[in-house]
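Going by full-length UniProt numbering, the first residue of the sequence shown is number 1, and it counts up by one from there.
Quick notes on the structure that follows.
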Amino acid sequence: MALRPSTNLFLTLMLNLLAIFSPMAMASDADILTDFNLPPNVSNVDATFFTYTAARSLVGAQPPTALNFLFADKTSFPALDGQSVSLAVLRMPGGAVNPPHSHPRATELLLLISGYLEVGFIDSTNKLFNQTLNAGDMYVFPKGLVHYQFNYAPDVPAIAVSAFGSANPGLVSIPSNLFQTDIEDRILAWSFKTDIPTIQRIKASVQGSPQA
């Protein structure tokens, strides 16, 4: 039996809506149809491909004197491509701050290995959820929300490991995105209810700031 025009229209609308919202509903990397992804022009690998050795440099390392990070994502560790996971090691001297930022494609689960941290994130209603962590504590930063880490102990370095639910979690640095882009100084000055010289001083101060 032939479908009525109204039924055809309804089905067309439903299919269009599914096409629009299906990608938005995917919470992690796209599924792969093989056991693992190989880099372009590579057809055969051995166990070395699945081994990442860069973190050996952290074993027995001296305490950090500046904020620094070690990443294992699909760029630095190609075996992660398609596996929906990545890792970062965060090393912070006393008093250091990892400024507000977000990861648009992944939730972050942080484990504090040593030291102390204040951590927090802001939800879509501008509510702050902050917490002080001791070694052994974990904290989750929901996907896409702005968050930070602060080592409030002036003389105690902190080391943390963060796992991400994507091989490419992405990074949106709030200071860099605002003050290291081509947004006009007058627009920033108006937005922050200040003057252009103040904006220019802020721009100069955030040049080269590390971020993760």
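Just so you know, even glycine gets a beta-carbon here, dropped at the ideal spot from N, CA and C.
Under the DSSP definition of a beta bridge, which residues are partnered with residue i?
i, result
"Q149", "N98, V119"
"L87", "A72, A163"
"Y139", "L110"
"T194", "BP columns for T194 are empty, so no partner."
"F77", "For F77, which the question treats as bridged, DSSP gives no partner whatsoever."
"T51", "Bridge partners of T51: none, in fact."
"V206", "For V206, which the question treats as bridged, DSSP gives no partner whatsoever."
"T132", "E118"
"V172", "S102"
For residue i and residue j, which I take to be in contact (beta-carbon distance under 8 Å), what is that distance rounded to the nearest angstrom?
i, j, result
"Y152", "P99", "The pair is not a contact, with the Cβ atoms about 15 Å apart (cut-off 8 Å)."
"A189", "D195", "6 Å"
"Q120", "F129", "Reading the sequence as shown, one finds Gly at residue 120 and not Gln. The pair is a contact, with the Cβ atoms about 6 Å apart (cut-off 8 Å)."
"A66", "Y116", "Contact flag wrong, Cβ pair sits at about 18 Å."
"N134", "L112", "7 Å"
"I174", "D185", "The pair is not a contact, with the Cβ atoms about 17 Å apart (cut-off 8 Å)."
"F141", "T107", "7 Å"
"A167", "L90", "With a Cβ gap of about 18 Å, A167 and L90 do not count as contacting."
"V146", "I122", "5 Å"
If the criterion is Cβ atoms closer than 8 Å, does the pair residue i and residue j meet it?
i, j, result
"F71", "A88", "yes"
"G144", "P104", "yes"
"G82", "F36", "yes"
"S84", "V172", "no"
Suppose you measure from the CA of residue i to the CA of residue j; what does that come to, to the nearest Å?
i, j, result
"S191", "V42", "50 Å"
"S86", "Q207", "27 Å"
"T34", "A160", "33 Å"
"V156", "P93", "7 Å"
"residue 219", "M138", "No statement about residue 219 is possible, as the shown extent of the chain runs from 1 to 212 and does not include it."
"I202", "F179", "7 Å"
"N126", "T181", "24 Å"
"A61", "D29", "33 Å"
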